[in-house]
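**Student:**
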Amino acid sequence: MAKSILTFDDGACKGCLLCVDACPPKILELEMTRVNSKGYNPVFCNNIDKCTACAICARICPDSVIKVERIESEGSMTKVEQNGNGVGV
Ligand code: SF4
Ligand code: SF4
Numbered sequence: 002m003a004k005s006i007l008t009f010d011d012g013a014c015k016g017c018l019l020c021v022d023a024c025p026p027k028i029l030e031l032e033m034t035r036v037n038s039k040g041y042n043p044v045f046c047n048n049i050d051k052c053t054a055c056a057i058c059a060r061i062c063p064d065s066v067i068k069v070e071r072i073e074s075e076g077s078m079t080k081v082e083q084n085g086n087g088v089g090v
């Protein structure tokens with residue numbers, strides 16, 4: 002079962018690949034079949050089950066595109082990072 006929920010502010014992504022390169026399990030990639038309102042291929046997660054909710058992607062993104070929420074237990078969720086600002090842990 003996935004340990005986290007990733008939310009992408011799709012229209013803000015500029016496809017810079019910083020998060021793709023920084024993600025330890027390498028589960029982020031650009032969606033090459035689609036462009037966002039800015040004309041960039043936006044990032045998406047190809048395997049949420051491998052996400053560790055480390056929030057490295059959220060911290061490194063210069064445009065605050067990614068929100069990471071850690072699922073602590075069934076029905077209970079703790080926000081570990083929102084828009085790269087290091088909210089809680
Ligand atoms: S939270 Fe960590 S493991 Fe999950 S997508 Fe971001 S960098 Fe990768
Ligand atoms: S989510 Fe952020 S770091 Fe990742 S490709 Fe888009 S703009 Fe770059």
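Residue 2 is where the sequence shown starts when you use our numbering, and the numbers rise one by one after that. C-beta: ideal position from N, C-alpha, C; glycine also.
#1: Do you know offhand how far I67's Cα is from R35's?
#2: Are the beta-carbon atoms belonging to R60 and S5 less than 7 Å from one another?
#3: Looking at the secondary structure, which residues open and close the beta strand (DSSP E) in which L7 lies?
#4: With a 10 Å radius around its C-beta and 16 neighbouring C-beta atoms as the bar for buried, classify A54 as buried or exposed.
#5: Kindly indicate which three-state DSSP category L18 falls into: helix, strand or coil?
#6: In three-state DSSP terms, what is K68?
#7: Considering Cα atoms alone, identify which of S65, C46, C62 is closest to A3.
#8: Quick check on the DSSP output: the beta strand (DSSP E) that includes C58 runs from which residue to which?
**Tutor:** Put simply:
#1: C-alpha of I67 to C-alpha of R35: approximately 18 Å in a straight line.
#2: Between R60 and S5, the gap from beta carbon to beta carbon reaches 7 Å or more.
#3: Per DSSP, L7 belongs to the beta strand (DSSP E) from 5 to 9.
#4: A54 comes out buried.
#5: The three-state reading of DSSP puts L18 in coil, since its state is none of H, G, I, E or B.
#6: In this structure, K68 counts as strand in the three-state DSSP scheme.
#7: Residue C46 holds the alpha-carbon nearest to the alpha-carbon of A3 among S65, C46, C62.
#8: Taken as a continuous stretch (DSSP letters only), C58 belongs to no beta strand (DSSP E), being part of the alpha helix (DSSP H) at 57 to 61.
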